[in-house]
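**Student:** Mind the numbering: the sequence shown is residues 17 to 383 in the working numbering, read in order.
Below: one structure in structure tokens.
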Amino acid sequence: MWRNLKITKTSGSRLADVDFEALGFGNVFSDHMFSMTFREGAWRDPEILPYGHIALAPGCATLHYGQSVFEGLKAFLGEDNVARVFRPEMNARRLIHSCERLCIPPVDEAEFCAAIDALVGLDHAWIPRKRGQALYIRPLIFGIENHLEVRPSTAFRFIVMTAPVRAYFQEGVEPIALKVEETYTRSAPGGVGHVKTAGNYAASLYPTQLGARDGYVQMVWLDGIEHRYIEEVGAMNIFFRLKDRIVTPDLHGTILPGVTRDSAITLLRDAGHSVEERRIAIDEIVQAVHSGDLLEVFGAGTAAIIAPVGRFAYQDQVFDVQDNQAGEVTRWLYDCLTDLQRGDAEDRYGWNRLIELDVPRSAAASS
Ligand code: COI
Numbered sequence: 017m018w019r020n021l022k023i024t025k026t027s028g029s030r031l032a033d034v035d036f037e038a039l040g041f042g043n044v045f046s047d048h049m050f051s052m053t054f055r056e057g058a059w060r061d062p063e064i065l066p067y068g069h070i071a072l073a074p075g076c077a078t079l080h081y082g083q084s085v086f087e088g089l090k091a092f093l094g095e096d097n098v099a100r101v102f103r104p105e106m107n108a109r110r111l112i113h114s115c116e117r118l119c120i121p122p123v124d125e126a127e128f129c130a131a132i133d134a135l136v137g138l139d140h141a142w143i144p145r146k147r148g149q150a151l152y153i154r155p156l157i158f159g160i161e162n163h164l165e166v167r168p169s170t171a172f173r174f175i176v177m178t179a180p181v182r183a184y185f186q187e188g189v190e191p192i193a194l195k196v197e198e199t200y201t202r203s204a205p206g207g208v209g210h211v212k213t214a215g216n217y218a219a220s221l222y223p224t225q226l227g228a229r230d231g232y233v234q235m236v237w238l239d240g241i242e243h244r245y246i247e248e249v250g251a252m253n254i255f256f257r258l259k260d261r262i263v264t265p266d267l268h269g270t271i272l273p274g275v276t277r278d279s280a281i282t283l284l285r286d287a288g289h290s291v292e293e294r295r296i297a298i299d300e301i302v303q304a305v306h307s308g309d310l311l312e313v314f315g316a317g318t319a320a321i322i323a324p325v326g327r328f329a330y331q332d333q334v335f336d337v338q339d340n341q342a343g344e345v346t347r348w349l350y351d352c353l354t355d356l357q358r359g360d361a362e363d364r365y366g367w368n369r370l371i372e373l374d375v376p377r378s379a380a381a382s383s
């Protein structure tokens, strides 16, 4: 792809210091990162270099006004020692969409994927092997111009970093507890809730902190107008299994179009489940608890994978979902998705991008 990709390898890998049995989420970063700079109207200077601090002027407008977009995707290493990145093309397209909304010059799909190929190929030894763990890939684009006017930056940096991680929720495959947020909202029609930009996450911190005090790991966001329709959870999209169908909020411009959401819908439908994408009022879910029709709730996200929800709070009431146990469809979907991602099941959809490792396959197998 690039004839001029500059690669500077680290002189001292940190890999041996990592305890793969005790991974957190994004507190350890792999040896290298990819970087490219936009200036004078073009992306230039593609480079892989040791992961480390970058210099920014305090007047860099992104620090003040949040002109920043990012992505999250994962690489897996299967029993066959093949490294696979899950659906990077979809993340590339979402990033382009986010760029457009935030007035950021996009990185094209081929360059996005080539950056990931090169970086994961080089740092493949950082890909954890255990089910539930992965090498999380975090591409990020932000303005770097030193100015204080509220206008788009004219210079940007694209960085891709990777981090060996466990599933986002410490609970792993144990059910989590969520709180339905009634006061604060995540997004509104015409806003930026459908794109992956830093401010969406900053705005969620305060309500999430309030919920955490009561033992809830995340909020279920309701729509910004009526505070009635379920949107998403912030770190994941949400699904409800009712008696004879599975429902999830439709993509109406205020929720993030999750790659895992799309994958889950495909896998569920192909297994014969009826999946409806539509508006879902919180009252409908509360009624379904009372009638016994609510069989399962789960979240779907790159970081979260498939996360069972065992309990949720709404209007001073706490509802248990089927005795706070992970349901059978949730468990099936988790296995189905992780098998596919790790290469344990046939990739019928062509979702995995195989990565060429930076060493001969036989050497990788014995490492
Ligand atoms: C992801 O699932 O990749 C996310 O970006 C969610 C969160 C960790 C910010």
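Virtual Cβ for every residue (Gly too), placed ideally from N, Cα, C.
Computed from a predicted model, the values in this text were never measured in an experiment.
Ignoring anything shorter than 4 residues, give me the alpha helix (DSSP H) runs that lie fully in the segment 83-141, in order along the chain.
**Tutor:** With a minimum length of 4 residues, the continuous alpha helix (DSSP H) runs that stay inside the segment 83-141 are 104-117, 125-138.
**Student:** So, with DSSP's three-state summary, where would you put residue 348?
**Tutor:** Helix, per DSSP.
**Student:** Give every residue of the same chain whose Cβ lies closer than 7 Å to the Cβ of residue 139, excluding the five residues on either side of it in the sequence, and list them in chain order.
**Tutor:** Excluding positions up to five away in sequence, the list reads 46, 47, 48, 178.
**Student:** Evaluate contact between the segment 181-201 and the segment 124-141, counting only Cβ atoms and requiring at least three cross-stretch pairs below 8 Å.
**Tutor:** Segments in contact, no.
**Student:** Are there any heavy atoms of the ligand COI lying less than 8 Å away from the beta-carbon of residue 89, as far as the coordinates show?
**Tutor:** For the ligand COI, at least one heavy atom lies less than 8 Å from the Cβ of residue 89.
**Student:** Using CA coordinates, which residue listed in 168, 99, 107 is at the minimum distance from residue 317?
**Tutor:** Answer by Cα proximity: 107.
**Student:** Using a 10 Å radius around the Cβ and a threshold of 16 neighbouring Cβ atoms, would you call residue 253 buried or exposed?
**Tutor:** Classification for residue 253: buried.
**Student:** Straight-line CA distance for residue 217 to residue 306?
**Tutor:** Taking the straight line from one Cα to the other gives about 33 Å.
**Student:** With DSSP run on the structure shown, which of helix, strand or coil describes residue 51?
**Tutor:** It is a strand residue.
**Student:** Decide if residue 110 is buried, meaning its Cβ has at least 16 other Cβ atoms within 10 Å, or exposed.
**Tutor:** Buried is the call here.
**Student:** Which first and last residues belong to the alpha helix (DSSP H) in which residue 223 is found?
**Tutor:** Run containing residue 223: 214-229, per the alpha helix (DSSP H) assignment.
**Student:** Taking the alpha-carbon positions, what's the residue 205 to residue 349 distance?
**Tutor:** About 31 Å.
**Student:** Go ahead and label residue 382 buried or exposed: buried means 16 or more other beta carbons lie within 10 angstroms of its beta carbon, across all protein chains shown.
**Tutor:** The predicted model places residue 382 with a pLDDT of 41, which falls under 50 and marks its position as unreliable; any figure quoted below should be read in that light. It is exposed - the Cβ of residue 382 has fewer than 16 other Cβ atoms within 10 Å.
**Student:** Using a threshold of 8 Å, is the CB atom of residue 212 nearer than that to any non-hydrogen atom of the ligand COI?
**Tutor:** Yes.
**Student:** Classify residue 70: buried if its beta carbon has 16 or more other beta carbons within 10 angstroms, exposed otherwise.
**Tutor:** It is exposed - the Cβ of residue 70 has fewer than 16 other Cβ atoms within 10 Å.
**Student:** When DSSP labels each residue in this structure, what does residue 41 get in the three-state scheme?
**Tutor:** Correct three-state label for residue 41: coil.
**Student:** Is it the case that the segment 141-157 contacts the segment 75-93, given that we only count it when at least three CB pairs across the two stretches are under 8 Å?
**Tutor:** Output reads yes: the segment 141-157 touches the segment 75-93.
**Student:** Quick one: residues in its chain with C-beta nearer than 7 Å to the C-beta of residue 75, no 5 flanking neighbours on either side, listed in chain order?
**Tutor:** For residue 75, where only same-chain residues beyond five positions count, the Cβ hits under 7 Å are 162, 163, 164.
**Student:** Mapping the DSSP letters down to three states, classify residue 24 as helix, strand or coil.
**Tutor:** Looking at residue 24 - three-state DSSP - the assignment turns out to be coil, as it is neither helix nor strand.
**Student:** Using DSSP's beta-bridge definition, name the partner residues of residue 63.
**Tutor:** Residue 63 pairs with 22, 51.
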